[in-house]
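Protein chains in written order, with the working numbering: chain C, 1 to 248; chain X, 249 to 571; chain Y, 572 to 856.
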């Protein structure tokens with residue numbers, strides 16, 4: 001089954017082409033890594049897939065359904081989850097409350113006005129489970145802004161996973177982390193069940209290639225190369241724009 | 249840990265907050281027994297403005313949407329009951345029902361227009377829309393009495409044996425509405441809906457990415473805030489027996505803002521305290537000097553300089569400094 | 572026909588007065604991102620002071636200079652000692668300047684009383700002038716001339732000078748401007764002082780035609796708001812076009828449907844905001 005298919009996707013800002021006639025597909029369960037220099041359109045691609053930016057042209061299908069013009073909420077409902085490059089959390093909410101909000105987003109009581117959110121035991125239980133799974137349960141009562149950077153990246157993941165996404169977009173989950181923490185992120189992604197399709201943007205190329213089933217390389221909004229990690233590593237065009245400095 | 253989702257920024261569930269609220273209510277309940285009718289009138293004004301400020305706090309403090317035009321709803325509620333009363337409709341429920349319907353309809357229209365704007369534009373568009381309503385009230389002499397306003401409003405008929413025409417009876421009616429509304433707001437901000445609003449205030453984009461339909465939450469919050477402001481306006485119209493364009497003025501909108509900020513936005517009790525302080529100060533200072541407006545201006549400057557998070561913020565900082 | 576020409580000229584002169592009064596609001600927002608709700612109070616204070624000085628000395632020039640200088644001095648004090656402490660936060664800034672408006676307005680009421688007053692107009696501008704066969708007050712033509720002059724001067728400063736280039740850089744992106752070595756703090760003070768001076772000039776130029784009374788500060792503020800909302804916050808060309816539109820709409824509104832003059836003014840603004848939230852010349856925030 002195809003988790004995601006984009007066809008002829010273009011996005012123009014004024015004279016600039018952030019995405020240029022991009023077509024690609026991701027199989028269910030696949031780990032797809034997206035490489036490319038800064039400004040290649042990687043984050044823009046995530047924004048367009050998740051519905052935060054409208055493409056100028058092109059079509060997006062999630063699990064076989066055309067979602068091109070639909071809202072973010074609809075795509076999340078179909079099983080899309082994402083993280084952000086810069087951790088965007090709820091600074092003054094506690095970790096548990098953040099997780100409960102994330103879990104609750106998929107539940108029918110999300111519009112209820114007369115009962116306390118804390119009274120929904122199922123939501124609370126699931127939020128605590130998630131936090132425990134990512135070793136955040138000890139931090140549950142702290143405000144998110146008081147957490148360390150590495151912990152915040154984990155909260156970011158918990159929020160993205162809370163609704164059990166079937167397609168997870170990870171935008172540089174290891175950015176700004178120490179070597180040890182990066183290893184933890186790698187282990188985290190490995191831990192994810194194969195029911196979840198993962199698309200990953202990452203600047204740590206070695207880690208990215210270790211995780212990938214397949215790699216695509218973007219340059220100036222176009223698909224430059226696509227293939228197995230080893231092929232990509234050997235591709236001279238890729239080496240030139242991407243590994244240039246390190247492998248010369 | 250299970251009892252732990254008590255975010256410091258939201259005093260709704262804090263025990264000291266609850267205790268303070270109960271003490272306040274108890275004190276307010278005894279006012280007619282202990283004080284003369286002047287003090288009783290001031291206390292009623294306090295509760296009315298506390299309700300007005302609390303309604304603004306719902307969108308400012310919880311949903312993170314500032315407004316310089318909240319008086320539009322307050323005035324709309326006041327004019328609605330005034331027109332009905334002058335037309336001979338004396339039933340409480342009719343008057344209140346029409347006031348609520350009119351203000352929430354107005355908020356539903358304005359909400360469509362304002363929710364696209366952010367920051368300074370949001371402040372300006374809310375002010376502009378409120379000025380449209382003010383302009384109508386000020387210009388349409390035949391319907392609104394223009395700058396003379398509408399005097400001679402009668403308080404509505406009582407409920408069963410509860411007579412609202414007398415000062416004490418009306419005072420307890422204001423008290424009951426105030427207590428019920430504050431209780432409802434407490435429930436609301438703790439509810440999934442209220443927590444989602446706080447999430448939107450903290451990080452709108454993230455709430456969208458989680459799958460929440462951000463706009464509809466903000467829109468509903470706007471309507472609720474408009475409705476509660478309308479009830480407050482209706483109460484003031486009954487209390488004063490008069491409405492005028494000033495009810496819709498930017499002065500009222502700004503006063504509500506400073507009440508919320510002074511007490512502490514995003515807390516249930518903050519706007520109540522802020523409104524109580526400013527109304528109390530107004531009646532004390534006005535008795536001593538004609539320069540109340542200058543004092544009020546100084547309050548704006550002092551609050552924004554020294555207590556931008558309000559008294560709640562000052563207390564929180566104090567509490568953190570002395571563990 | 573002559574009715575329309577007369578109304579057109581009245582509208583245009585009122586528009587130019589509005590441009591002078593609101594250009595400062597646009598400038599201050601453009602450079603500092605401060606929504607200065609005390610702007611109308613600066614207008615009123617300058618007018619009151621000028622009337623006072625003119626009454627003592629009989630010299631209108633002295634009155635104008637004193638009115639502007641004293642108001643700019645107040646503005647500089649406010650920027651240095653109050654606004655600077657809460658930089659970068661729109662709502663507190665708006666509330667603080669609202670408070671300052673209340674203080675200045677109430678001070679004016681206390682010092683000069685509640686009677687509306689007008690500033691005398693200079694002798695050489697008292698008579699009427701014939702324009703296209705219509706007798707028209709010379710002073711109103713003078714207001715149009717001053718407005719055009721101020722507009723041209725501001726345009727020249729912004730488009731053709733080094734200071735103007737720096738102002739544009741700061742308005743575009745404060746951080747980048749700072750990294751280019753621009754003294755943002757000094758430029759902000761300069762912009763605030765200039766904005767205050769423009770408001771004060773508005774008060775003095777408008778003194779002989781609209782005068783000053785209790786509540787002028789709020790009226791001028793609201794009209795200036797309408798102007799910059801229609802034109803686009805922080806845009807000088809926008810303020811110019813917006814002022815002409817508002818001047819004409821307001822004048823025609825008062826002439827044709829006097830009861831709803833305020834409504835005819837604010838309703839088009841609400842409409843423009845609803846269709847184009849950033850105004851005619853504004854950019855996406």
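From the three backbone atoms N, C-alpha and C, an ideal C-beta is built for every residue, glycine too.
Go ahead and label residue i buried or exposed: buried means 16 or more other beta carbons lie within 10 angstroms of its beta carbon, across all protein chains shown.
i	result
residue 315 (chain X)	buried
residue 110 (chain C)	buried
residue 536 (chain X)	exposed
residue 171 (chain C)	buried
residue 146 (chain C)	exposed
residue 65 (chain C)	exposed
residue 436 (chain X)	buried
residue 320 (chain X)	buried
residue 135 (chain C)	exposed
residue 741 (chain Y)	buried
Tell me residue i's beta-bridge partners as DSSP assigns them.
i	result
residue 12 (chain C)	C:17
residue 82 (chain C)	C:169
residue 3 (chain C)	DSSP lists no partner for residue 3 (chain C).
residue 206 (chain C)	Looking at the DSSP assignment, residue 206 (chain C) forms no beta bridge with any residue, so it has no partner.
residue 31 (chain C)	C:198
residue 667 (chain Y)	Paired residue(s): none; residue 667 (chain Y) is not in a bridge.
Say whether chain X places a C-beta atom closer than 7 Å to the C-beta of residue i.
i	result
residue 845 (chain Y)	yes
residue 212 (chain C)	no
residue 54 (chain C)	no
residue 650 (chain Y)	no
residue 109 (chain C)	yes
residue 133 (chain C)	no
residue 848 (chain Y)	yes
residue 104 (chain C)	yes
residue 114 (chain C)	yes
residue 76 (chain C)	yes
residue 13 (chain C)	no
Quick check: is the beta carbon of residue i nearer than 7 Å to any beta carbon in chain C?
i	result
residue 443 (chain X)	yes
residue 461 (chain X)	yes
residue 456 (chain X)	yes
residue 447 (chain X)	yes
residue 450 (chain X)	yes
residue 269 (chain X)	no
residue 364 (chain X)	no
residue 415 (chain X)	no
residue 435 (chain X)	yes
residue 440 (chain X)	yes
What is the residue span of the alpha helix (DSSP H) that residue i lies within?
i	result
residue 350 (chain X)	340-362
residue 49 (chain C)	42-50
residue 636 (chain Y)	631-652
Are the C-beta of residue i and some C-beta of chain Y separated by less than 7 Å?
i	result
residue 368 (chain X)	yes
residue 556 (chain X)	yes
residue 606 (chain X)	No statement about residue 606 (chain X) is possible, as the shown extent of chain X runs from 249 to 571 and does not include it.
residue 471 (chain X)	no
residue 564 (chain X)	no
residue 532 (chain X)	no
residue 420 (chain X)	no
residue 354 (chain X)	no
residue 332 (chain X)	no
residue 304 (chain X)	no
residue 384 (chain X)	yes
residue 295 (chain X)	no
How far does the beta strand (DSSP E) with residue i in it reach, from first residue to last?
i	result
residue 225 (chain C)	222-227
residue 216 (chain C)	214-219
residue 699 (chain Y)	699-702
residue 478 (chain X)	Premise fails: residue 478 (chain X) lies in the alpha helix (DSSP H), 462-488, not in any beta strand (DSSP E).
residue 62 (chain C)	57-62
Mind pulling the chain B residues with CB within less than 7 Å of residue i?
i	result
residue 410 (chain X)	Considering every chain present, this structure includes no chain B. Its protein chains are C, X and Y.
Given 8 Å, three or more beta-carbon pairs between the stretch 203-223 of chain C and the stretch 111-126 of chain C:
By the C-beta criterion, the stretch 203-223 of chain C is judged not to be in contact with the stretch 111-126 of chain C, since fewer than 3 inter-stretch pairs fall below 8 Å.
With contact counted as at least three CB pairs below 8 Å, one residue from each stretch, are the stretch 85-105 of chain C and the stretch 430-446 of chain X in contact?
Counting Cβ pairs under 8 Å, three or more are found: they touch.
Tell me, please, whether the stretch 11-24 of chain C touches the stretch 51-61 of chain C by the rule of three or more beta-carbon pairs shorter than 8 Å.
Yes: at least three Cβ pairs fall under 8 Å.
Touch test, the stretch 475-490 of chain X against the stretch 292-301 of chain X, Cβ-Cβ under 8 Å, three pairs minimum
The stretch 475-490 of chain X, when compared against the stretch 292-301 of chain X, does touch it at the 8 Å Cβ threshold.
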